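Asks:
Now the structure itself:
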């Protein structure tokens with residue numbers, strides 16, 4: 003769509019009106035840019051200030067003597083609940099949870115999308131519809147049964163531990179969260195790949211089939227090499243969602259050493275004991291936000307495309 | 005890939021596979037075998053669990069699940085609480101907040117998103133810089149958003165304090181500590197986070213509109229305002245629908261934002277049904293009531309999403 007210009011009835015007046023228009027438009031755009039940047043800016047400058055400066059200074063002023071201490075303290079010393087070892091452990095918890103969950107759910111989504119578009123069978127649309135709807139349920143409606151199941155698996159894990167000396171990961175909160183995120187992420191990943199493969203020429207698949215290529219050969223040799231964009235989109239989407247999740251994290255790993263980053267951050271901020279160290283809180287929040295922000299900065303285009311694909315389906 | 009495309013030998017499937025041996029039958033079933041685990045997982049862990057939750061809502065489970073059906077007492081209580089306004093029950097507060105939050109969140113995000121998209125579509129220099137600025141909040145978690153805005157809106161530290169220091173000492177803004185207004189701070193933070201994304205959706209829609217239509221309307225003497233009102237906005241209707249679905253879905257699921265921004269607000273005054281469900285199920289040992297509220301949330305989503313999905317999946321029959 004092209005920009006809208008005023009018809010040039012009166013040239014000089016037209017140019018003036020146009021100029022005023024431009025100024026108003028740019029002014030508004032800049033104002034909104036401020037609105038979106040303000041909280042991040044405040045968070046960032048606060049995380050580099052000393053407590054003295056925070057209590058006596060202005061929220062918007064730049065730090066007079068920038069200090070990196072709050073970041074170090076947030077990373078290595080601050081108290082989460084009763085443990086005072088910083089948030090670094092919880093950061094790694096999140097990584098340990100996110101990486102397998104993203105890989106597994108993305109691969110399953112790719113296979114599902116491939117089957118649902120290139121190997122159609124009766125009822126494929128119904129299957130897809132059922133999986134798609136699962137993306138939209140409020141997770142509150144499955145929260146409690148899942149907690150019960152994870153609880154029994156955990157008890158079973160203890161039995162295994164006593165008998166065989168290993169619990170095979172049953173009852174481990176991180177493993178539980180990986181499982182939960184895979185289960186409730188499959189719908190989205192399948193949606194992404196299905197819509198992408200829908201536009202992929204079926205003739206190629208047919209031709210390969212005629213040549214005797216097997217199901218997996220076609221997937222590996224034909225589909226995968228052409229799926230790079232959608233892999234990037236899906237991985238980013240899953241990564242952001244799982245990293246940012248709070249509901250599952252607080253329900254299934256809400257206490258103890260296995261907390262993911264989001265839960266730990268919430269605990270740090272809402273700890274009411276002692277003096278509230280705002281600079282440390284803000285540094286912790288920045289650390290929690292950095293991975294997803296980084297992904298957004300590096301691959302913003304794909305990030306937006308993923309969000310859109312989740313919204314406007316083909 | 006190219007090697008596949010160039011092979012033009014035509015074989016009928018029968019020639020390629022002379023007999024249906026066990027192996028080839030397995031080959032035929034392979035796609036379904038591959039899909040089966042995901043589908044089974046969905047059936048069990050989504051639909052099975054939903055049924056389980058519905059079942060629990062008809063029991064009198066407290067701290068632990070109990071499996072003797074005792075009727076719809078949980079729903080009865082929710083129903084009674086719906087009209088408990090003096091003092092308002094937690095449930096009454098939750099659903100009223102849901103109404104306020106849902107309406108304002110969706111309306112403001114749509115309006116602001118459309119407005120920014122139209123502004124950005126005026127051949128703006130620096131669009132490449134502005135767009136990511138509007139959009140980045142979507143990459144943050146609700147928790148981080150909540151922490152940032154909690155600080156920003158805190159009367160003693162944030163905006164109010166800053167304006168006081170600048171000399172506007174009568175400025176007063178303590179919504180985040182005020183039980184009647186705390187839900188509006190959730191709206192502010194929510195809009196801040198999602199409106200940029202809605203802007204991107206509208207912008208994509210605007211870019212997809214045929215320039216010829218616009219030109220024709222301009223030649224006919226339509227003013228800019230008329231152009232947008234009569235032509236552009238009606239053309240964007242599908243985007244409105246998608247954006248509405250996304251926002252409604254986000255609104256009903258919002259849980260983290262309330263927790264991080266307000267810790268539930270004074271006396272639970274910022275609760276949404278999702279918070280109500282969590283608190284009653286895991287903290288107040290009223291599992292049946294929590295389950296019943298989850299069922300009500302689910303029904304609300306179903307009422308919005310199912311017609312949408314149905315029409316989307318039907319539009320492109322194969």
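Protein chains in written order, with this note's numbering: chain V, 3 to 316; chain S, 5 to 322.
Just so it is clear, CB atoms sit at the ideal spot from N, CA and C, and this is done for glycine as well.
Model, not experiment: these values are computed from the prediction.
Just verifying my parser: in three-state terms, what is the DSSP assignment at residue 52 (chain V)?
Replies: coil
Asks: Check the Cβ of residue 253 (chain S) against every Cβ in chain V and list those closer than 7 Å, keeping chain order.
Replies: 138
Asks: Please check the pair residue 280 (chain S) and residue 148 (chain V), which I expect to be a contact at CB under 8 Å, by giving their CB distance rounded to whole angstroms.
Replies: So it is not a contact: roughly 19 Å between Cβ atoms.
Asks: For residue 76 (chain S), which of S:69, S:63, S:84 and S:87 has the nearest alpha-carbon?
Replies: S:63
Asks: Mind checking if residue 80 (chain S) is an interface residue toward chain V, Cβ cutoff 9 Å exclusive?
Replies: no
Asks: Name, please, each residue of chain V whose Cβ falls closer than 7 Å to the Cβ of residue 50 (chain S).
Replies: 136, 139 and 144
Asks: Taking residue 132 (chain S) as part of the alpha helix (DSSP H), name the residues at either end of that continuous run.
Replies: 131–139
Asks: Any contact of the segment 285–297 of chain S with the segment 68–87 of chain S, i.e. 3+ C-beta pairs under 8 Å?
Replies: yes
Asks: Quick check: residue 254 (chain V) and residue 56 (chain V), are their CB atoms within less than 9 Å of each other?
Replies: no
Asks: Can you list, in chain order, the residues of its chain with a C-beta nearer than 8 Å to that of residue 172 (chain V)? Leave out the 5 residues immediately preceding and following it.
Replies: 155, 156, 158, 159 and 162
Asks: Please report the residue range of the alpha helix (DSSP H) in which residue 219 (chain S) lies.
Replies: 215–223
Asks: Who are the neighbours of residue 200 (chain S) on chain V, taking C-beta pairs under 7 Å?
Replies: 38
Asks: Just checking, does the segment 243–251 of chain S make contact with the segment 175–184 of chain S on the three C-beta pairs under 8 Å criterion?
Replies: Fewer than three beta-carbon pairs drawn from the segment 243–251 of chain S and the segment 175–184 of chain S are found closer than 8 Å, and the two stretches are therefore not classed as touching.
Asks: Alpha carbon to alpha carbon, how far is residue 284 (chain V) from residue 44 (chain V)?
Replies: 9 Å
Asks: Using the beta-carbon of each residue, which ones in chain S are nearer than 7 Å to residue 147 (chain V)?
Replies: 53, 56 and 57
Asks: Please go through the same chain and pick out, in chain order, the residues whose beta-carbon is closer than 6 Å to the beta-carbon of residue 270 (chain S), but skip the five residues on each side of it.
Replies: These residues qualify, in order along the chain: 183.
Asks: Please state whether DSSP places residue 2 (chain S) in a helix, a strand or coil.
Replies: Outside the shown range of chain S (5 to 322) lies residue 2 (chain S), about which nothing can therefore be said.
Asks: When you compare the CB of residue 245 (chain V) with every CB in chain S, is at least one pair closer than 9 Å?
Replies: Residue-level contact check: residue 245 (chain V) touches chain S, since one or more beta carbons of chain S fall below 9 Å from its beta carbon.
Asks: Nearest-angstrom Cα distance between residue 114 (chain V) and residue 134 (chain S)?
Replies: 37 Å
Asks: Return the CA-CA distance between residue 26 (chain V) and residue 227 (chain S), expressed in angstroms with no decimal places.
Replies: Taking the straight line joining both Cα atoms gives about 18 Å.
Asks: Is the shortest distance between the beta-carbon of residue 216 (chain V) and the beta-carbons of chain A less than 9 Å?
Replies: Among the protein chains in the structure shown, which are V and S, there is no chain A.
Asks: For residue 82 (chain V), list the residues DSSP reports as bridge partners.
Replies: V:85
Asks: Tell me whether residue 304 (chain S) sits in a helix, a strand or coil according to DSSP, three-state version.
Replies: helix
Asks: Compare the C-beta of residue 176 (chain V) with all C-beta atoms of chain S and state if any pair is closer than 9 Å.
Replies: no
Asks: One question on the structure: do residue 263 (chain V) and residue 289 (chain V) come within less than 9 Å of each other, judged by their Cβ atoms?
Replies: yes
Asks: Can you pull the chain S neighbours of residue 150 (chain V), defined as C-beta to C-beta under 7 Å?
Replies: Chain S residues near residue 150 (chain V): 69.
Asks: Residue 271 (chain V) lies in the alpha helix (DSSP H); which residues open and close that run?
Replies: 263–272
Asks: With 16 as the cutoff for other CB atoms within 10 Å, does residue 172 (chain S) come out buried or exposed?
Replies: Counting Cβ neighbours within 10 Å, residue 172 (chain S) comes out exposed, since fewer than 16 surround it.
Asks: Within 9 Å (strictly less), CB to CB, does residue 102 (chain S) reach chain V?
Replies: no
Asks: Just to confirm, are residue 39 (chain S) and residue 217 (chain V) a CB contact at a threshold of 9 Å?
Replies: Between residue 39 (chain S) and residue 217 (chain V), the C-beta spacing is not below 9 Å.
Asks: Apart from the five residues on each side of it in sequence, which residues of its chain come closer than 7 Å, Cβ to Cβ, to residue 104 (chain S)?
Replies: 187
Asks: Does the segment 65–75 of chain V come within contact of the segment 291–303 of chain V, defined as at least 3 CB pairs closer than 8 Å?
Replies: no
Asks: Starting from residue 120 (chain V), follow the alpha helix (DSSP H) in both directions and report where the run begins and ends.
Replies: 90–120
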